[in-house]
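Engineer:
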Amino acid sequence: MDELIASAGYSAKRKYENEVLNTIYHYCLLFYTKEDEVITLSGKSLEVVLYSKYYWLTRYVKKYNEVNEYDAGMEQQQFKLIEELEQRLGDVDWNLLQRIDDDMVK
0 MDELIASAGY
10 SAKRKYENEV
20 LNTIYHYCLL
30 FYTKEDEVIT
40 LSGKSLEVVL
50 YSKYYWLTRY
60 VKKYNEVNEY
70 DAGMEQQQFK
80 LIEELEQRLG
90 DVDWNLLQRI
100 DDDMVK
């Protein structure tokens, strides 16, 4: 991921004191701000990149809630992303989303 961030020209600035949260935040933001570059540089399909976006957002929300107090706005972002998946992909792999969510509980 760090290589992809550098190749995409994403400039990671320190946002959080917690280093793990900071790293996850930047991975997540990469998919939001440099989606086209991620597709081009990684050679992955739009579908793979969008599910990766969901994965990193879900990790970010989980870690954010661990480090800080619960923020309902964070979960709202997940719902918005699911709506984006539906709009852009048509068929959403609900089993994959569930597996991602389940992995975050572990």
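For what it's worth, numbering that gives the first Met the number 0 labels the leading residue of the sequence shown as 0, then goes sequentially.
Just so you know, even glycine gets a beta-carbon here, dropped at the ideal spot from N, CA and C.
(1) If we call anything under 8 angstroms between Cβ atoms a contact, is Gln77 one with Val66?
(2) Helix, strand or coil for Ser6, going by three-state DSSP, please let me know.
(3) Within the 8 angstroms Cβ cut-off, does Tyr31 reach chain D?
(4) Looking only at its own chain, which residues have a Cβ that is under 8 angstroms from the Cβ of Arg13, when we skip the five neighbours before and after it?
(5) Going by the beta-carbon positions, is the gap between Leu40 and Ser6 smaller than 8 angstroms?
(6) Report all residues from its chain with a CB closer than 6 angstroms to the CB of His25; omit the five preceding and five following residues, and keep chain order.
(7) Out of Leu96, Ser44, Asp70 and Met0, which has the shortest C-alpha to C-alpha gap to Ile81?
(8) Helix, strand or coil for Asn94 per DSSP?
(9) Assuming Asn84 and Leu49 make a contact with CB atoms under 8 angstroms, what is their CB distance in whole Å?
(10) Along the chain, where does the alpha helix (DSSP H) that runs through Glu16 open and close?
(11) Hey, could you find the ends of the alpha helix (DSSP H) Glu68 is sitting in?
Structural biologist: Here's the rundown:
(1) For the purposes of this step, residue 77 is taken as the residue at position 78 of the sequence shown. For the purposes of this step, residue 66 is taken as the residue at position 67 of the sequence shown. Against a cut-off of 8 angstroms, the Cβ pair of Val66 and Gln77 comes out as no contact.
(2) Residue 6 sits at position 7 when you count from the first residue of the sequence shown. DSSP places Ser6 in helix when its eight states are reduced to three.
(3) The structure shown contains no chain D; it is built from a single protein chain.
(4) By 1-based counting over the sequence shown, the position of residue 13 is 14. Taken in chain order, the residues that qualify are Asn21.
(5) Numbered from its first residue, the sequence shown carries residue 40 at position 41. Numbered from its first residue, the sequence shown carries residue 6 at position 7. The answer is yes: Cβ separation under 8 angstroms.
(6) Taking the first residue of the sequence shown as position 1, residue 25 is located at position 26. Taken in chain order, the residues that qualify are Ala11.
(7) For the purposes of this step, residue 81 is taken as the residue at position 82 of the sequence shown. The shortest C-alpha separation from Ile81 is found at Leu96.
(8) Residue 94 sits at position 95 when you count from the first residue of the sequence shown. Asn94 falls in the helix class under three-state DSSP.
(9) Reading the sequence shown from its first residue, position 85 is the one you call residue 84. Reading the sequence shown from its first residue, position 50 is the one you call residue 49. This sequence places Leu at residue 84; Asn is not what is there. Right, the Cβ-Cβ distance comes to about 6 angstroms (below 8 angstroms), so this counts as a contact.
(10) For the purposes of this step, residue 16 is taken as the residue at position 17 of the sequence shown. Going by DSSP, Glu16 is part of no alpha helix (DSSP H) at all; its letter is neither H nor E.
(11) Translated into positions along the sequence shown, residue 68 becomes position 69. Unbroken run through Glu68: none, as it is neither H nor E.
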